[in-house]
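Let me begin by presenting the structure, written as structure tokens, before commenting on it.
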Amino acid sequence: MTNVALDIALILALLLGVTSLGTSRIGAAIRYFWMQAAAVAMVPLLIETRSGGLSVHAWVLFAATMVLKVWGVPYFLNRSVREASVRTEVEPLIGFGVSLMLGAGLVGLSFALARQLPLPQRPASDLLIPVAFSLLMIGLLLIVSRSKAVTQVVGYLVMENGIFLFGLLLIDVFPYLIELGVLLDLFVAVFVMGIVIFHINRAFDHIDSHQLDTLKD
Amino acid sequence: MRAALHLAILLLLPPLLPGIVNRVKAAFAGRRGPPVLQLYFDLWKLVRKGAVYSTATTWIFRAGPVVTVAALLVAGLLLPFGGGLPGPAAFAGDVVLFAYLLGAGRFATVLAALDTGSSFEGMGASREVTFAALAEPALFLSIAGLALARGTLSWTTMLSGQMPAWHSFGPAFAMLIGALFLVALAENSRIPFDDPNTHLELTMVHEVMVLDHSGPDFAFILYGASIKLFLLGAIVVRLALPFAASIPAHVALFLAGMIVFAVIVGVVESTFARLRMNRIPQILVAAGVFAALAMAVILIRVNG
Amino acid sequence: MTAMLAAMGILAAAAGSSALLARRRSWSLTVSAAGCIAAAAVAMPAALRVLLGGAMQTVSWTNPVTGSQALVLDPLAAWFLIPVLFISAACSVYGRGYLLSADGRVGTQAAALDVLVLSLMTVFLAGDALLFLAAWEVMTLSAFLLLTHEHARMEVRRAGMLYIVLTHAGTSCLLAMFAGIAAGAATLRFVAPHLPFATGTAAGLFALGAIGFGCKAGAWPLHVWLPAAHPVAPSHVSALLSGVVIKTGIYGLLRASLLIGPLPMACGAALLGIGILSALLGVLAALAQHELKTLLAWHSIENIGIILIGVGLGSMALSAGRPAVAAIAFAGALLHVVNHALFKSLLFLSAGAVGKACHTLQIDRLGGVARAMPRTALSFVIGAAAICGLPPLNGFVSEFLVYMALLAACAAMPVTARAEAVLAFAALACVGGLAVACFAKACGAVFLGAPRSPQAAAAREAPRAMLGPMWVLALACAALGLAGPAIAGALERPVRQLGGVPLTDTSAREGLAATAILGGVLIAVAFALAALRRLLLRRQAVSASGTWACGYPATTPAMQYTAASFARPLIAVFRGVLFLERHDTRPAGAFPDAVALEEHCPDPVDRFVLEPALHHGGMALALVRRAQPTRVQSYVLAIFAALLALLWWRLG
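Residue numbers (my numbering), protein chains in the order written: chain A, 1 to 217; chain B, 218 to 521; chain C, 522 to 1173.
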């Protein structure tokens, strides 16, 4: 039963990731992200239930993820979207259709590569590593293909969800280290991005990251 | 007993050398010249006089002559005055201490000269440190050559009973004597490096540094200068006289050697002209080259 | 080791609290200085114990990510720790007085000083490459913060930039070297490799270390940052940088050669050659300087050269299978590390006091300062005599050991090594003579004669808070000069660690004892003669008058011999290596206008290598910059592609 629930959560996270590649509305992308984060947050709980009791550690992780990723980060992002008054990703570097297809290809590649990956121990589900890989790739693709800074932040966050799933692999070896480190990192990063986006907007009147090109010297 | 004799020679005989040098020079010039003991008279007169200090000077000016003489006296404790009179404070490595004691004395004299704020004395000080720095490699290369040839690091063992060494390193030792003689002349500001008799000449080195000293301070300076001449002369003489004999004969031989040294200095001063300033570095470098050649010879011989 | 950990804790706490107290200048600096003093008080006895025969101490722990790590207090570390603790305590007290007498923020300075000392301790105690490199980096950065105190000035920023860029270039070599060593030893811990490295590998690793550590130590030709950085820092920071921080390069070199194991003769020979070059070119450049602290900075390069002569000779002697010679050479080098730390910080602190009092350190604007600042003058003269290696001060003792080692090498080494030893011997002698010339110039032009500018005439003696540390250092210089036998005892264990045998050479030991005694005799004779002089003058008239100088009365201070003219004859002799640059306007016509003459000796490495390299490099890189992608996305794409390629390579 829990195995099925675990698989569902993982597949959900993957589908939400792929979907965010195809949307042009920034608000939707943020929504897909926090739903995905919620699905990912469930994963440690489900892994632990499968092997018996639930540790405090898993609950702490779950609570922290919910607070930070499902509530905190989207809140910041939505606020910067409002302040910068951008609604849609107007001219992506790679079209939505093409990026969807690329995304599908990357997911396939991830599944192929994940089989080859030498692992310290057997993962809780054979979907865990492929999904983690896929989210990483999708996140990178989002960053590469979009021109608005906020969408790139979303890409970064999706990638981070993938890293989080990877971290679960080591949950027994390093109980808190990686997750907490990553969460903190993430929060600071989004916070900084929020400020940067706000300032770019103020300075250049829009948040197109092309404007950063002029800073290259 | 031997130490006492050594100390007596070190304390009492040095002022004799300039007297001999001056008599030789006078003879060359066809004059009778001052008495041989003139420097003793001068010193006696000076220690009974008062002193005048420039208002520009500080304690450094007053400490200069004292430190110089102290450094030279300690350096004198390291040298052997004849085979039976080893340096009372000789130890392995005293060659290095000897050279640096001369340096300490020079540093004190130079600072005292600069303390007057006079441009003359500053000029003399500048030349003193310049020539000393250039003479240093010649002196140290000679030391290294002797040390290697004799397998010892002390003046006393280096400069006694070297007859067998003369047989194998004769040419090298001759070159070392030449280098050390040049170093002795340069360190003591004698012709051809400087003319001790001139005053207010733009070529002066040592004399111009001590223009403002008077009374006992000046006595210390004259005394110190004679000790320095005596010490560097003693090295040359001991190296050139490799004979072994009983103690009294030894000391007599050494003292005779010192007199010959003074005569040679006098002859050089009478027959050579003072060099132009910009030629002096070349002569000092030449002394260094002499010593380096000697070193090369010794290196090859010791190896073979 | 508890003591070391406690000292490190004290320093960390002092750094934190002095940063928090940044608003209250006096409090912040007091806490910082108190931290340094307390750390020294706690840690120095423990280090001395290990040095004098106590057991080596280790604390080790295992980190899941990085593996085994450790803090190790062995004799070599203890030898370097003692001067660091002593001098940083003195400098922190001086720095308090120095910074309080000026306006400006001090919080960063106060905290960074404690962090610097903490990182220095960690560098010496680190028992593994990771901890060493981390502490090394913290040390570099805290030193950067300290030296850019007056960052509003352009030259301070340039010096800071040069420092950080060059030392980081060096650190990259160190990363490579430690990676190579760790590969041989199969651990990051500082332990000997399972198998000795092949000769070529050992030489390569050593060369990397020599570049990395030589950069930090300021060995020629990697010294470029040093004469730029040391003069612009506050004086107590210059003292720490020149006295202590550059010695970490020597420590690293020694530690690395211990780790690498047997080295080919060429390594030691190269080091000896670098030492000769550094010593000679350092002192010659110092002679040509017009600014007191720049002059002192160049002397640091000279002294690092002397230390490297000892280290290189020791390494050569080990390669040639002459451990007894190596022991003397290492003893000289180690002792010179401590001695240079003492007298160089003393000189920088004294120079700082002059700078504070006269608001300039341009040597030819000063003069006659000794009348207003007799105590500062005394401590500067003591430092100057010590750095020139004049007996009876400490500089002589270590140079004596280096000379002894060179002479011993002349007698007992293969013939090429002998020739190099002779060369080093002559070079060292020349360096000694030139150092006397240079410090006669510095002492004379700054402290003696008459003031050459109104600022110099208005000098006042430094406050006691600054004089106290200077006296402590001056006393230490004198004490070490007279402590030969005790020094031989203290050197026993670090020398054995480096060379395998203790200082067995009887002549070196006897020499140390004899120089100590004769130093005492020299002082006694000088005092006796001074008493005699006083006695002679007691009944006589002693009067004061203007300088006589052969009856040339109408002099003005401007007519004194300047430092530039003082050094001119020697510079003329060595103009072939000094690259004298002359800018002048000559008098023309019957009624010439004002004329000017300016002479500089630029650092040849800076002028002929670094500047053209930066210039041409900048031009060449402009082409690359044109090809630089403009979009953020391109960078991420590159990372993405690299990631995919790597995955494909490993897994596909």
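Ideal Cβ placement from N, Cα and C applies to all residues, glycine included. This structure is a prediction, so every number in the text was calculated from the model and none was measured.
Residue i versus residue j: straight-line alpha-carbon distance, rounded
i       : j      : result
C/I531  : C/K768 : 23 Å
A/A203  : A/G72  : With a pLDDT of 49 at A/A203, under the threshold of 50, the modelled position of this residue cannot be trusted, and the question is left open.
A/R31   : A/V81  : 13 Å
C/Y1156 : A/L140 : 11 Å
C/L988  : C/G618 : 9 Å
C/L1058 : B/I438 : 16 Å
B/A349  : C/A971 : 26 Å
C/L922  : C/A898 : 29 Å
C/A704  : C/A680 : 36 Å
B/V283  : B/A364 : 32 Å
B/W372  : B/L295 : 7 Å
C/V571  : A/W34  : 60 Å
B/G521  : C/V677 : Because B/G521 sits at a pLDDT of 46, beneath the cut-off of 50, its placement in the model cannot be relied upon, and the following sentence gives the value as read from the coordinates. Taking the straight line joining both Cα atoms gives about 58 Å.
A/V150  : A/I26  : 8 Å
C/A750  : C/L683 : 8 Å
B/G250  : B/A403 : 24 Å
C/H811  : C/L882 : 9 Å
Chain-ordered chain A contacts of residue i [CB-CB under 7 Å]
i       : result
C/V1157 : L140, I143 and V144
C/L1172 : L113, Q116 and L117
Listed by chain order, chain B residues near residue i by CB distance under 9 Å
i       : result
C/C909  : Y317, G320, A321 and F324
C/G1067 : S271, T272 and A273
Beta-carbon neighbours of residue i, restricted to chain A and to distances below 8 Å
i       : result
C/Q590  : Those within 8 Å of C/Q590 in chain A number zero; the least Cβ separation is about 17 Å.
C/L1168 : L113
Boundaries (first-last residue) of the beta strand (DSSP E) holding residue i
i       : result
C/V580  : Q578 to N584
C/Y1176 : Any answer about residue 1176 of chain C is impossible in this case: the structure gives chain C only from 522 up to 1173.
C/T1106 : E1102 to T1106
C/A1065 : V1063 to S1066
Partners in chain A for residue i, counting only beta-carbon separations shorter than 9 Å
i       : result
C/F1161 : M137, L140, L141, I143 and V144
C/Q810  : Neighbours of C/Q810 on chain A: none; closest Cβ ~36 Å, over 9 Å.
7 Å Cβ cut-off: residues of chain B touching residue i
i       : result
C/G1002 : Going along chain B, no residue has its Cβ under 7 Å from C/G1002, so there is no contact; the nearest lies around 11 Å.
C/Y924  : V313
Delimiting residues of the alpha helix (DSSP H) encompassing residue i
i       : result
B/S359  : S336 to R367
C/Y924  : N915 to A933
C/E1120 : Element bounds for C/E1120: not the alpha helix (DSSP H) but the beta strand (DSSP E), A1117 to H1121.
B/A268  : Here B/A268 belongs to no alpha helix (DSSP H); instead the beta strand (DSSP E) covers A268 to S271.
B/D311  : D311 to D332
A/F76   : V73 to A84
B/H467  : I464 to T488
Neighbour list for residue i in chain B, Cβ cutoff strictly below 8 Å
i      : result
C/F577 : At residue 577 of chain C the sequence reads Met, which differs from the Phe that was named. Those do not exist, as C/M577 stays about 32 Å from chain B at its closest Cβ, beyond 8 Å.
Under 8 Å from the C-beta of residue i: neighbouring residues of chain C
i      : result
B/V349 : Residue identity differs from the one stated: residue 349 of chain B is Ala in this sequence, not Val. Those within 8 Å of B/A349 in chain C are G954, V957 and A958.
Chain C contact residues for residue i, given Cβ-Cβ distances below 9 Å
i      : result
B/A288 : L911, P912, L1043, V1046 and A1047
Item to check | chain C contacts from the region 305-327 of chain B (Cβ-Cβ distance under 8 Å) | outcome: A306, F308, A309, G310, D311, V313, L314, A316, Y317, L318, G320, A321, R323, F324 and V327
Checklist entry - Unbroken alpha helix (DSSP H) runs of length 4 or more, entirely within the region 778-826 of chain C: which are they? => result 786-808
Checklist entry - Going along the chain, which unbroken runs of the alpha helix (DSSP H) with 4 or more residues stay wholly within the region 546-632 of chain C? => result 546-572 and 596-621
Next on the checklist: Give the list of continuous alpha helix (DSSP H) stretches no shorter than 4 residues that lie fully inside the region 940-1001 of chain C.
Outcome noted: Here the runs fully enclosed are 975-978.
Checklist entry - What residues in the region 262-275 of chain B have a beta carbon less than 7 Å from any beta carbon of chain C? => result V264, K266, G267, A268, V269, Y270, S271, T272, A273 and T275
Next on the checklist: So if I threshold CB-CB distances at 7 Å, which residues from the region 76-108 of chain A count as touching chain C?
Outcome noted: L93
Checklist entry - Closer than 9 Å, Cβ to any Cβ of chain C: which residues of the region 353-365 of chain B, in chain order? => result E353, P354, A355, L356, F357, L358, I360, A361, G362, A364 and L365
Checklist entry - What residues in the region 487-505 of chain B have a beta carbon less than 7 Å from any beta carbon of chain C? => result Result list: P498.
Next on the checklist: Just to confirm the assignment: which complete alpha helix (DSSP H) runs, minimum length 4, are found wholly within the region 859-910 of chain C?
Outcome noted: If we require 4 residues or more, the alpha helix (DSSP H) runs fully inside the region 859-910 of chain C come out as 890-893 and 895-908.
Checklist entry - Which ranges does the alpha helix (DSSP H) cover as unbroken runs of at least 4 residues, wholly within the region 232-281 of chain B, from first to last along the chain? => result 233-246 and 255-264
Next on the checklist: For the region 365-376 of chain B, list every residue whose C-beta sits within 8 Å of some C-beta in chain C, in sequence order.
Outcome noted: Look at the region 365-376 of chain B: the residues with a C-beta under 8 Å from a C-beta of chain C are L365, G368 and L370.
Checklist entry - Using a beta-carbon distance cut-off of less than 8 Å, what residues from the region 821-850 of chain C approach chain B? => result none
Next on the checklist: Can you pull out the residues from the region 1073-1090 of chain C whose beta carbon lies closer than 9 Å to at least one beta carbon of chain B?
Outcome noted: Y1073, T1076, P1078, M1080, Q1081, Y1082, T1083, S1086, F1087, A1088, R1089 and P1090
Item to check | Under 9 Å (Cβ pairs) to chain C, residues found in the region 432-459 of chain B | outcome: Flagged, chain order: G432, P433, D434, A436 and F437.
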